[in-house]
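Peer 1:
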Ligand SMILES: Cc1cc2nc3c(=O)[nH]c(=O)nc-3n(C[C@H](O)[C@H](O)[C@H](O)COP(=O)(O)O)c2cc1C
Ligand code: SF4
Ligand code: FES
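Protein chains in written order, with this note's numbering: chain Y, 505 to 1288; chain V, 4 to 160; chain R, 6 to 442.
(1) Mind reading off the beta-carbon distance from residue 819 (chain Y) to residue 1049 (chain Y)? Whole number of angstroms is fine, and I expect it under 8 Å.
(2) In whole angstroms, what is the alpha-carbon distance linking residue 415 (chain R) and residue 88 (chain V)?
(3) For residue 1077 (chain Y), which of helix, strand or coil comes out of DSSP?
(4) Residue range of the beta strand (DSSP E) that residue 105 (chain R) falls in?
(5) Taking the CB atoms as reference points, tell me whether residue 369 (chain R) and residue 324 (chain R) lie closer together than 9 Å.
(6) What do you get for residue 512 (chain Y), buried or exposed, if any count of 16 or more other CB atoms within 10 angstroms of its CB means buried?
(7) Do you know whose CA, among V:103, V:83 and V:47, lies nearest residue 4 (chain V)'s CA?
(8) With contact counted as at least three CB pairs below 8 Å, one residue from each stretch, are the segment 91-100 of chain V and the segment 711-724 of chain Y in contact?
(9) Under 9 Å, Cβ to Cβ, is there at least one residue of chain V near residue 168 (chain R)?
(10) State yes or no: is the C-beta of residue 359 (chain R) nearer than 8 Å to some heavy atom of ligand 2?
(11) Out of curiosity, what's the CA-to-CA distance linking residue 1094 (chain Y) and residue 198 (chain R)?
(12) Taking a Cβ distance cut-off of 7 Å, strictly less, list which residues of the segment 44-66 of chain V are near chain Y, in chain order.
(13) So with Cβ pairs under 9 Å, would you call residue 647 (chain Y) a contact of chain V?
(14) Under 9 Å, Cβ to Cβ, is there at least one residue of chain B near residue 352 (chain R)?
(15) Relative to the C-alpha of residue 249 (chain R), which residue among R:355, R:211, R:292 and R:238 is closest?
(16) Report whether the distance from the Cβ of residue 88 (chain R) to the nearest heavy atom of ligand 2 is below 8 Å.
(17) Is residue 5 (chain R) near ligand 1, in the sense that its beta carbon is under 8 Å from a heavy atom of that ligand?
(18) For residue 148 (chain R), decide whether its Cβ has a neighbour in chain V, counting only Cβ atoms nearer than 9 Å.
(19) Give the single residue among Y:1139, Y:1047 and Y:507 whose Cα lies nearest to the Cα of residue 822 (chain Y).
(20) Spell out whether any CB of chain R is found under 9 Å from the CB atom of residue 900 (chain Y).
(21) Could you pull out every residue in the same chain whose Cβ sits closer than 7 Å to the Cβ of residue 8 (chain R), ignoring the five residues on either side in sequence?
(22) Using a Cβ cut-off of 8 Å, pull out every chain V residue sitting near residue 674 (chain Y), in sequence order please.
(23) Considering only C-alpha positions, which residue in the set R:228, R:142, R:89 and R:185 is nearest to residue 116 (chain R)?
(24) Please work out which residues of its chain come closer than 7 Å, Cβ to Cβ, to residue 962 (chain Y), disregarding the five sequence neighbours upstream and downstream, and give them in chain order.
(25) Taking the alpha-carbon of residue 514 (chain Y) as reference, which of Y:878, Y:527 and Y:865 has the nearest alpha-carbon?
(26) Could you name the residues of the segment 388-403 of chain R whose beta carbon sits closer than 9 Å to any beta carbon of chain Y, in the order they occur along the chain?
(27) Within the continuous beta strand (DSSP E) that includes residue 352 (chain R), where are the two ends?
(28) Taking CB distances under 9 Å as the criterion, tell me whether residue 153 (chain V) reaches chain R.
(29) Would you identify the three-state DSSP class for residue 738 (chain Y), choosing helix, strand or coil?
(30) Determine whether the Cβ of residue 175 (chain R) lies closer than 9 Å to any Cβ atom of chain Y.
(31) Please list, in chain order, the chain V residues whose beta carbon lies closer than 7 Å to that of residue 457 (chain R).
(32) Flag this pair as yes or no: are the beta carbons of residue 182 (chain R) and residue 395 (chain R) separated by less than 9 Å?
(33) Taking 8 Å as the cut-off, does the CB of residue 397 (chain R) come closer than this to any heavy atom belonging to ligand 1?
(34) Would residue 766 (chain Y) and residue 694 (chain Y) qualify as a contact pair, given that the criterion is a beta-carbon distance under 9 Å?
(35) Any chance you could list the alpha helix (DSSP H) runs of at least 4 consecutive residues sitting entirely within the segment 42-73 of chain R, in chain order?
(36) Report the three-state DSSP secondary structure of residue 1114 (chain Y) (helix, strand or coil).
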C-alpha cells in the first residue's frame, strides 16, 4: 500500500495505482477527457494535469503512478494554469456550435470549459474542418468536433476486440476514421457514442430528435439476451427517444450491445397494433377489448367442452416478463391444460422432469475470475455480446477460453483452443474432451464413451481444462437447441465434475430463467412446445412470440396453428398472425408495462413502464388476469405486477440463484451419429432473434442484419456443383412423427470456410428462411 | 494482389521479428508494396493487412502517418526536395524553385506526362550535402545545384 | 569531410566500411577481448560509467547509468535498440557513421547485448537514407557470416541477433518510445513515461535505446579504457564528438573533435563563413536547441556544460550557422512549420499548439503581425512546454522562445513595418531562401 495526499487529504492505495485512482478514492474530481476506467491509459488529452510536489512539471493524473508519500495538488495555481492552458488548446479548433450540437447539455467539453475556459479566444486563425465519416446506420459523425482523445479507437481495439476505428494522418491533420469506405460493424458499436466526450460521435437514429434536457430519464431492463443489461430509457412526450446504459458493474458494466441500445425504434414501428382485432366471417375487424376478451372466453369454453382441456396449448416467448409468463401458465392450468411452454426453439426435452432451470451456474461478474472456460455450441459474440466481451477481457489476461462449436465465426477472443465440427458429431467431440480429461485424471472409464477417440483439438482443450483451478463449462444457445441437448448437458456436467469447474448455460433470452420459475414449462402431464405443434391442438394462446420465426420448426408451427379452431395471439405488433389467428390482442412491450426479468445468473430485475401504452395497448399481465376472471378462475385478483411477482417469488428477492439448478442425474448419453448427407446449421442472427429487434429499422440496416445466405465450405460447394453468389433453393424434407416438415427457401449461396464440410448454414429468424422446416437435420441445396 | 516476389520480400522482413510480432514488418511490407504498385491503394493496403493479419485501419494508420508512403498515384519519378532550414540556408528553396520552374508543377503536383511528381520534404539527415533531394524514396542526391538538377532530370527517362 | 577521430577515421574510400577493412583497423577487438577475457558485464558498465560517455542522441544522458537500469535477472526477452533515425534538422552525423563505419555500431551493439543480457537488437534507420540502410543490411550479413552475430558468438555462451528496421519519413520516430512503437508496426506515437523502456520497452520487454554515435563509442572505451575516453574530452563530457556543421559556412560537414573544443575552432575547420560574411547566430545542437547570437556562441566551448550555461543545448551536435543575411523571422517560420508538420498529433498542447505557433509566425513573416503576437507566442509556448507526452512540444517551443528573446527587434520590426529588417537584396545575396532572380 502507498500513502498519498491529495489536496491535503490523505489516503492509501494499492501498489500500481495512479494519481487518478487515488483521486477517485477520495472523491476528488480531476478534469479529464481521454481517461476512461475501462480503457487503456493514453494520457493524450493532458486535461488531467496536476501539480505534484517536487516534480518540475505538471503531471497527468491518469498516467502518473502513485509513489509513497506523494503530495498532489489538483487545484493549485500551477495545476489550474496547466489545465486552463490545455482547455484553451482544445477549444481553438473546436467549433462553437453547442446550440445545434446533439451533445449539448451532456458534453464534457462544454461542462469543463465553463470552469476552465476563457471567455474570448486568443486564437484568431482559421479553424480546422474535418470531413464527416460514414460509420454505418447507427453512429452519426461530426468530426470537426473531435478532440482526439482516442477513446473510440481504444474501445474498438480493446473492448469490441477488432480495431475498426483509427487515428489516421498525424499532427493537426489527424483524423479519427474507419478504413476507407468501411463502417463500424461491431455489435457493440454504439458504446463509442457514450465514450465520445464531445459531439463528434452521436446516435444516428436519435439525431436532432430532442435536446437532452427535454428528456426524462427512466430505468429499465433490456428485454433481449440473457444478460438483462440495465438501461436508462430517455423519454419525451410519452415516446422513447433514446436508450443508454445504466452502469451496473455486475451486469453490463457501462456497456450496451447495439440491440439493447437501438431496438427501441421498434416501439414506434408502423406495425404496432393499437386495437384488439377479431376475425369474423373471414374478415379482420378492430374491436374493443370487451368484445375481444368475451369472444375468447366463450370460444375457449367451447373448445374445452368439445375437445377437452388438453386440446388447448400456450406458446410463450422467453422475452415475456415473469408476471406475464406466470399468469399465462396459471390461466392455462386453471383452464385445465398442462400444455404451456416458453422454450420454442428447443428440440430435445428429455431433461424435463429433472428440475433443471438452465442458468449460468455462477454470477456474471465472476466470469473474469475464471482461469479455464469451455463454451460449447454458441454463436457467442452475436448471441451474448457482453458476456463475450467479458470473456474477451479474461482471455487477454490469462484465462484460457476454449470453444467447441459448429461454425468458425471470429469471436474476436484470443481463444486458447477450438474445435469446429458438424452438429451431428458435436456431442461425440464433447465426449472426447470428457474422455481425455478422465484419462488424465485417472477417473474410471465411462462405458458410454468407450468408442470415442479424442481428436487433437479436443485433447488440447482437455489439457487446458484439466490444468485449471477455476473453470467453467458453458452451453450456448446452439447446444440447448441441439437434438442431443440432454446428452450435451450430461457430458458437460460430467466434465465439470471431473475438472471441478462450474457448469452453466448462457441463457438465450431475457427471461429464459424466469420461464422456469414462473412454471411456464409443462409438467409430466403436459406437452412441450415441440409436441404441442407436432400433435396439433385445437386452440393456441401465443404470447409475444412469432411462431413463424421463433419456433424450432416454423413450417410445423404454421401448419398446427393454421389448423386450429382458436388461435389467440398477444403481441405488440401486427405479425403474420393475420394469417392464422382468430384474435390478436395489442399488448405492451417492455417499455409500456411493469414487469420482471430474471437474468441468466438468477438476478431478479424488475422495471416500471417508462411510457404510457400506445393506443389501446394493455400490459399482458392485466389481459391475462381479466381472462382468468372471465373464465371464473380462482387466484386472478392481482392488482399490480408486484403482486404477481410476489406470488411467484414469495416477496421481492434480488436473486433466485439458490432456487436454480443445472444438475441432472441419470441422463442417458446418446452418441449415435445419424448424420444426413447434408446437415443444416441454423443460427439466429443477433437482430432477428426477437420481435423488437426485427422491427428496429436502424438495426435492420446493419451488416449483422444482412439477409441469410446458404453458407458452405468450398468443398461442400464443389460437391454440390454450386458456386458462391448463385441463387439456390434450399429445402428441408425430414419427416418426423408422421408430419411432413418440408419447406423451401430461395437464397444466395455463400462461401464460408468456417462451416464444416457437409453442412449448410442457413440462419433462422428471418422472413426469407421462414419457409424452411426444422432448424436442424437434413437439408438439400440445388440451383434455383 | 501482390506479386510472389513482393510476398517473398515481405516474408524476409517478417522473419526479422519474433514469431508473434508479424505486425512489425508492416512498414517494410508497405514500402515493398508501394515499390511494386507505385502507390498504396485501398486494395493494396487491404492486401497487406490480410497478409499480416492486421486490422486494415491499423495498416492505414501507418500508411498515413509516415511521409514516404503515397496514398495517391505519383509520377514515375517522385522527387522530394528538402527545404528545411539547414538546407534552405544552402539553396534548398532555390533548388525547389528551380525544379518547379523546369517541370512546370508545384509541390504535390505531377507533370502532365505523368513522369514527375514534386514533393516538399523535411530534414533527410543529410544537411551537409544541401541542397538534397530524394528520388523515388531510395536515391539520395546531394549538392543539387541547377546544373546537377538538369543532369538528374536528364537521367530520368 | 571534416577532421577524423576514431569513428570517422574510416572515411577513406569505397571499401572502408567492409568487415575486412574494419578488422584491419582493429575492429571487433573489443568484442573479442570481452569474450576471450570473459569480462563480466558489471565491469563493462563500470568502464562506460568511468568514460563519462553521454548519450549522443540529444539528451546527453550518461550511457553507463542507462545500461545499469536494465533488469539483470529477467526471465523473458530483452532488447538493445539503436536510434539511427536522425531527422533533427541540422543533424547528419549518424548517416556518415553508418556510411563509413557500420561495423563499429554493430560491435557496440553486440557489446551492449552482452553487457545487458539481451538476445536481440534492432537498428532503426531513417527512411530517407535508403542506401545507408541497404549498406547496413549488408554489413549485418558480413557479421553473421563471420559468426559475430547469431548463436554462440565467437564460441562463447552468448547469442545475439541484430536486424535493421527502416523508418519511412517521420521525425517523431527519433523519440525513443515512438521509435519502439514504430518497430512494433504502429504509428510512431511516443509513449508516456514512466514506465521507461528499461522496464517496458520493445514488445513490453526491457529495452535500452542509444544513439548510433553512442554505440560507436563503445568499442573504443572497451579497448582503451574509460579513463582514456574521458581524457579525450573534459570532465563530465568524455570523449570526442561528431559535430554536423551546416548553413552559411564554406565547408559544411561532420567534424569529430574532442569535447570542449572552442566553437571558434570548429567554425574554422568548417572553412569559416561563406563569402566572408559576418556570423549572426548559431543553433548549436539541432533545430530544437535555442538559438545563440554571435557574441554568446563565440565564447562557448563545445561540450554539454558550456552550451547549457550559455542558455542552449549541445543536443545532437548539429551546428546550424546563420550569417548576417538571414532573416530570423523567416528562419523561425521554417522551423515552426517543421514542428507543426511533424507533431504526431497525439497530445493536445503539441497537436494544437504547434499549428498555432506556426500560423502566428507565418502571419508575422507575411506582414500580418499584430502588436500582441510576441506575447501570445511566448504564452503559447509556456502552455506547451512541459505539458506534453514527449519532448517535441519543448523542441517546438524553444526555437520560438529563443528567437524572440535574442532577435526580438527583428520580429517587432516585421510587425510594425510589414517587412524584414534585413533588406531583401541582402537576403537574396546570402541565404538562398529566395527564388533565383
Ligand atoms: C522529438 C525527438 C526527436 C529525437 N530524435 C532523435 C534522433 O533522431 N536520434 C537520436 O539518437 N535521438 C533522438 N531523440 C532522443 C531519443 O529520444 C533518445 O533520448 C536517444 O535516442 C537516446 O540515446 P542516447 O542516450 O544514446 O542519446 C529525439 C528525441 C525527441 C524528443
Ligand atoms: S508532444 Fe507532440 S510529438 Fe510528442 S507525443 Fe505529444 S503530440 Fe506527439
Ligand atoms: S485524462 Fe489524463 S491525459 Fe487525458
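A virtual CB, placed ideally from N, CA and C, is assigned to each residue, including glycine.
Given the structure is predicted, the values throughout are model-derived calculations rather than measurements.
Peer 2: So, to answer that:
(1) The Cβ separation is near 6 Å, so the contact holds.
(2) Approximately 18 Å, taken between the alpha carbons.
(3) In the three-state DSSP reduction, residue 1077 (chain Y) falls in the strand class (E or B).
(4) For residue 105 (chain R), no beta strand (DSSP E) encloses it; the enclosing alpha helix (DSSP H) starts and ends at 98-105.
(5) In this structure, residue 324 (chain R) does not lie closer than 9 Å to residue 369 (chain R) by Cβ.
(6) Exposed: under 16 other Cβ atoms inside 10 Å.
(7) Nearest of V:103, V:83 and V:47 to residue 4 (chain V), Cα basis: V:47.
(8) For the pair of segments examined, the segment 91-100 of chain V was found not to touch the segment 711-724 of chain Y: the number of CB pairs separated by less than 8 Å stays below three.
(9) By this cut-off, residue 168 (chain R) is an interface position.
(10) True, at least one ligand heavy atom lies under 8 Å from that Cβ.
(11) Rounded to whole angstroms, residue 1094 (chain Y) and residue 198 (chain R) show a C-alpha spacing of 50 Å.
(12) Listed by position along the chain: 45, 58, 59, 60, 61, 63 and 64.
(13) Chain V contact via Cβ: absent.
(14) No chain B appears in this structure, whose protein chains are Y, V and R.
(15) Looking from the CA of residue 249 (chain R), the closest CA among R:355, R:211, R:292 and R:238 belongs to R:292.
(16) In this structure, ligand 2 has no non-hydrogen atom nearer than 8 Å to the beta-carbon of residue 88 (chain R).
(17) Nothing can be reported for residue 5 (chain R), as the shown portion of chain R is limited to 6 through 442.
(18) It does not; no Cβ of chain V falls within 9 Å.
(19) Ranked by Cα distance from residue 822 (chain Y), the first of Y:1139, Y:1047 and Y:507 is Y:1047.
(20) So no, residue 900 (chain Y) is outside the interface.
(21) Bear in mind that the predicted position of residue 8 (chain R) carries a pLDDT of just 44, short of 50, making it too unreliable to give a figure here.
(22) Ordered by position in chain V, the residues that pass the 8 Å Cβ test against residue 674 (chain Y) are 67 and 68.
(23) Here the closest residue by C-alpha is R:228.
(24) The answer, listed in chain order, is 923, 933, 936, 937 and 940.
(25) Out of Y:878, Y:527 and Y:865, Y:527 has the C-alpha closest to the C-alpha of residue 514 (chain Y).
(26) Cβ contacts with chain Y come from 388, 389, 390, 391, 392, 393 and 394.
(27) Neither: residue 352 (chain R) is in no beta strand (DSSP E) and is coded neither H nor E.
(28) Chain R, which has no Cβ nearer than 9 Å to the Cβ of residue 153 (chain V), makes this no.
(29) Residue 738 (chain Y) carries a strand assignment under DSSP once its states are collapsed to helix, strand and coil.
(30) Taking Cβ atoms only, chain Y reaches closer than 9 Å to residue 175 (chain R), which makes this a yes.
(31) The structure shown does not extend to residue 457 (chain R), since chain R is modelled only from 6 to 442, so the question has no answer here.
(32) Contact flag set, yes.
(33) The nearest non-hydrogen atom of ligand 1 is less than 8 Å from the C-beta of residue 397 (chain R).
(34) Their beta carbons are under 9 Å apart, which means residue 766 (chain Y) touches residue 694 (chain Y) by this criterion.
(35) Runs of the alpha helix (DSSP H) inside the segment 42-73 of chain R: 46-56 and 68-73.
(36) If DSSP states are grouped into helix, strand and coil, residue 1114 (chain Y) belongs with coil.
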